[in-house]
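Here's the structure we're looking at; comments come further down.
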Amino acid sequence: MTGKMAIVGDGDSIMVFQAAGVSAFAAENEKKARDILRKIAKDYEVIFLTEELARPLADFLKRFDETPYPVVLPIPSGKGGAGLGEELVRGAAERALGIDIFLGVGPRGSSEETHQ
Amino acid sequence: MARLNVNPTRMELKKLKARLSTAVRGHKLLKDKSDEMIRRFTVMARENLALRREVEGELARILGQFQVARSVTPAYRAETAFALPASSVRAECSVASVMGLDVPKIALSQSGGAGLPYAFFEITSEADYSVSMVTALFPKLLRLAEVEKSVRMLADEIERNKRRVNALEYVMIPQLEETIAYIREKLSENERAALVRIMKVKGKQQ
Chain R
0 MTGKMAIVGD GDSIMVFQAA GVSAFAAENE KKARDILRKI AKDYEVIFLT
50 EELARPLADF LKRFDETPYP VVLPIPSGKG GAGLGEELVR GAAERALGID
100 IFLGVGPRGS SEETHQ
Chain X
0 MARLNVNPTR MELKKLKARL STAVRGHKLL KDKSDEMIRR FTVMARENLA
50 LRREVEGELA RILGQFQVAR SVTPAYRAET AFALPASSVR AECSVASVMG
100 LDVPKIALSQ SGGAGLPYAF FEITSEADYS VSMVTALFPK LLRLAEVEKS
150 VRMLADEIER NKRRVNALEY VMIPQLEETI AYIREKLSEN ERAALVRIMK
200 VKGKQQ
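Encoded structure:
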């Protein structure tokens, strides 16, 4: 099955993806992003979403975790504000195992020495 | 622990024993499944985190570069230059099974190799770099999408499975055991009562 890719975000961050061949949908606020996601969830398999939109929509995005597709992936935008992706991984680990298995790894940047 | 509301008969005893053995077997199986899922989960979660950091670092660099390109180009020119992509990237999407759980499996089938969507004179070279860097990043981005989704799905599944294991271990199995013990007692009680009655009747006859 051939899947299509889309990006939802504010104007600047999505432009470079658009040039590389990903369908881009501009959304200036979370409400707009939610509407767009609802509309395109069936047509696109991989949807990139900028973090400042993904953060307030976290509850809404949970419903996509039930089925393999679409995959909604939060990515950092041009405005920075990274860290949501990492939080999600840690949250999933905590939910599944009861503990944060990355405690030794530390926050981004200061990692490698304690990680075995 | 409350015992089940059943009649203390041999029939029920037999049925309950069968249910208990099924429950114990199911509990063991689910526990094994849970162990294996957790093992896979830890491996995948570590990969996810490493990949996430890598991709985010590169993306920050790309977007920074793109910002430079934007700042030296008038907005309308940039928008027209990027509005019509030369090619669209497609991903090969299939489904893989991890412990009976359907997770996405994505591979890049056609990268946007056809080149840039604009003429070179339209815009600065920083834009070219950032676009080609994004194109080069696609395999990693897709791998991240695949792994991250799998990790999230697996986390949910582990949680559900844990609930099942606990329900069996702390509710279902104790209940069955208690009910079986109750029926056994009741039956032997009845037996003793019958024996005594027979002895009494016998004693009166003599």
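Protein chains in written order, with numbering that gives the first Met the number 0: chain R, 0 to 115; chain X, 0 to 205. Ideal placement from N, C-alpha and C gives every residue a C-beta, glycine not left out. From a predicted model like this one, the values you see are computed outputs, not experimental measurements.
Residue i classed as buried or exposed, judged by whether at least 16 other C-beta atoms fall within 10 angstroms
i	result
E147(X)	buried
Y43(R)	buried
I197(X)	exposed
P55(R)	exposed
I182(X)	buried
T21(X)	exposed
Y64(X)	It is worth fixing the name first, because residue 64(X) is Gln in this sequence and not Tyr. Buried is the call here.
V88(R)	buried
K38(R)	exposed
E111(R)	Confidence in E111(R) is poor, its pLDDT being 42 and thus under 50, which makes the residue's placement too unreliable to answer from.
M36(X)	buried
N47(X)	buried
K161(X)	buried
Whole-Å CB distance - residue i paired with residue j, under 8 Å assumed
i	j	result
L50(X)	R142(X)	6 Å
A26(R)	A32(R)	4 Å
R2(X)	T178(X)	4 Å
G97(R)	V45(R)	About 31 Å; that fails the 8 Å criterion.
A90(X)	M14(R)	So it is not a contact: roughly 20 Å between Cβ atoms.
A44(X)	A53(R)	About 19 Å separates the two Cβ atoms, so there is no contact after all.
L175(X)	R9(X)	Wrong, their Cβ atoms sit about 16 Å apart, outside the cutoff.
P73(R)	L36(R)	So it is not a contact: roughly 12 Å between Cβ atoms.
L29(X)	L167(X)	7 Å
Start-to-end residues for the beta strand (DSSP E) that takes in residue i
i	result
L2(R)	One point to set straight first is that residue 2(R) is Gly, not Leu, in the sequence displayed. Its beta strand (DSSP E) spans residues 1-8.
E91(X)	89-97
Residue i in three-state terms, based on DSSP
i	result
E177(X)	helix
F16(R)	helix
L60(R)	helix
M171(X)	helix
F24(R)	strand
L107(X)	strand
V102(X)	strand
I130(R)	The structure shown does not extend to residue 130(R), since chain R is modelled only from 0 through 115, so no value can be given for it.
E188(X)	helix
E156(X)	helix
T134(X)	helix
N165(X)	helix
D42(R)	coil
L3(X)	coil
E65(R)	coil
R142(X)	helix
R151(X)	helix
Q205(X)	coil
T113(R)	Confidence at T113(R) is low in this model, with a pLDDT of 41, below 50, so the placement of that residue should be treated as unreliable; the coordinate-derived value is given next. Here T113(R) sits in helix by DSSP.
R54(R)	coil
Enclosing alpha helix (DSSP H) for residue i [first to last residue]
i	result
R52(X)	9-70
I74(R)	Counting along the chain, I74(R) falls outside any alpha helix (DSSP H), though it belongs to the beta strand (DSSP E) covering 70-74.
E93(R)	83-96
In DSSP terms, what residue i is bridged to
i	result
L48(R)	V7(R), P73(R)
K30(R)	DSSP lists no partner for K30(R).
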